[in-house]
Amino acid sequence: MTIDSAVLSFAGLVVLLGLLLGWLVSPYFYLISALAGLNLTQAGITGFCPAAMIFKRLGIKPGCAFK
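Numbering-wise (our numbering), the sequence shown opens with residue 416 and increments by one.
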């Protein structure tokens, strides 16, 4: 697994978790999904992704997008 696939997998899990919690607990949890989407958008534009930095420190090998 590369950092790229780890970031995308983590973002997908965060979105699904936000949707599930929003449906089962409170609609305010939908904000988690919105923030994940905003983070993915800014990461695509700027190339800066906190999750990618964390995965890099954990020793996951770099991919094409995040080095």
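The beta-carbon is built from N, C-alpha and C at its ideal position, and this holds for glycine as well.
Report task. Helix, strand or coil for Lys-471, going by three-state DSSP, please let me know. Result -> helix
Query raised in the report: Which same chain residues, not among the five before or five after Ala-421, have their C-beta less than 6 Å away from its C-beta?
Result: Phe-470, Ile-475
**Report entry** Per-residue burial, Phe-481 [other beta carbons within 10 Å of its own, 16 or more giving buried]
**Finding:** The residue in question, Phe-481, is buried, as its Cβ has 16 or more Cβ neighbours within 10 Å.
Report task. Answer with yes or no whether the minimum CB distance from Phe-481 to chain B is below 8 Å. Result -> Although the question refers to chain B, the structure presented lacks it and comprises just one protein chain.
Query - Length of the line joining the Cα atoms of Ala-451 and Val-429 - result: 7 Å
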